[in-house]
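Here the structure is laid out as structure tokens; the discussion comes afterwards.
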Amino acid sequence: RNQSCCRTCNSNGRSGMEMKNLLGEYVFTPDEIAKSLVESCDTKYSIVIDPSTKMGFNLVVDKGLLKKNSDTVHQRTGLYAIYKDHHCLYTGKSGKSMGTRLGRFVKEVRNMSRSDEKHPAAKKYRSMWGEDFSNMTVSVYPLNEQSSMTLDDVELSLIRILKPLLNVRGKK
303 RNQSCCRTCN
313 SNGRSGMEMK
323 NLLGEYVFTP
333 DEIAKSLVES
343 CDTKYSIVID
353 PSTKMGFNLV
363 VDKGLLKKNS
373 DTVHQRTGLY
383 AIYKDHHCLY
393 TGKSGKSMGT
403 RLGRFVKEVR
413 NMSRSDEKHP
423 AAKKYRSMWG
433 EDFSNMTVSV
443 YPLNEQSSMT
453 LDDVELSLIR
463 ILKPLLNVRG
473 KK
């Protein structure tokens with residue numbers, strides 16, 4: 303059972319669509335994990351362009367007058383969703399560093415990518431909104447890959463749930 307994920311439980315402490323393997327252990331589907339991740343994520347980070355940083359941006363949480371840089375997010379593995387004006391534009395995954403993947407998106411939107419760095423969704427974004435990062439937020443879903451399912455499996459479910467505008471259909 304994947305204990306690193308939250309899940310929505312009913313009154314008896316079990317999820318609504320649980321399954322058991324042959325040993326009687328509870329197992330979760332990628333859809334259940336993706337739904338739980340979306341429901342449990344209550345923090346959205348604003349993307350703030352900052353050329354003085356290594357990645358060229360900061361992820362910031364606004365709490366009234368206080369702002370907190372989210373340095374720990376950059377080194378985590380898992381899934382993320384990029385929003386503009388509360389509309390999901392793109393979901394992605396990283397098995398090494400969400401910060402690096404988000405950095406590639408930001409660099410491509412700013413037209414600063416090297417020739418070996420491609421991000422088709424960021425190119426689409428730039429063609430629609432230019433380099434405008436206003437009202438752009440990121441939800442992060444830290445998740446370690448499990449032997450029974452991959453981040454790809456959960457990412458596909460997340461794409462089905464969030465229906466992002468810029469993901470390439472049929473390739474994920």
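Mapped onto the working numbering, the consecutive letters of the sequence shown carry residue numbers 303 to 474. Each residue gets a CB set at the ideal place from its N, CA and C atoms; glycine is no exception. As the structure is a prediction and not an experimental result, all values here were calculated from the model.
Reduced DSSP category for residue i - H, G, I as helix; E, B as strand; rest coil
i      : result
PHE359 : strand
LYS420 : coil
THR452 : coil
Assumed close pair residue i, residue j - CB separation to whole angstroms, cut-off 8 Å
i      : j      : result
LEU453 : LEU445 : 7 Å
ASN469 : THR355 : That pair is no contact at about 27 Å.
LEU475 : VAL440 : The chain is shown from 303 up to 474; residue 475 falls before or after that span and cannot be answered.
ALA383 : PRO466 : 7 Å
VAL329 : THR345 : In fact, because the Cβ distance is near 28 Å, the residues do not count as touching under 8 Å.
GLY405 : MET357 : 4 Å
Rounded straight-line distance, which links the Cα of residue j to that of residue i
i      : j      : result
PHE407 : ARG462 : 21 Å
ASN413 : PHE359 : 14 Å
LEU458 : ASP333 : 8 Å
PHE435 : TYR385 : 10 Å
ASP418 : LYS322 : 44 Å
ASP352 : THR331 : 39 Å
HIS421 : ASN437 : 21 Å
7 Å CB neighbourhood of residue i in its chain, flanking five on each side removed
i      : result
VAL411 : ALA424, TYR427, ARG428, GLU433
TYR402 : A quick correction: the sequence has Thr, not Tyr, at residue 402. For THR402, where only same-chain residues beyond five positions count, the Cβ hits under 7 Å are SER396.
VAL350 : PHE359, ASN360, VAL362
Close Cβ partners of residue i (< 6 Å) along its chain, the five nearest in sequence each way excluded
i      : result
SER415 : LYS409
Sequence-distant residues of its chain with Cβ nearer than 8 Å to residue i (five each side left out)
i      : result
GLY366 : Because GLY366 carries a pLDDT of 48, less than 50, the predicted location of this residue cannot be relied on, and no value is offered for it.
Residue-chain proximity (residue i, chain C), Cβ-Cβ < 7 Å
i      : result
VAL363 : Of the chains in the structure shown, none is chain C; there is only one protein chain.
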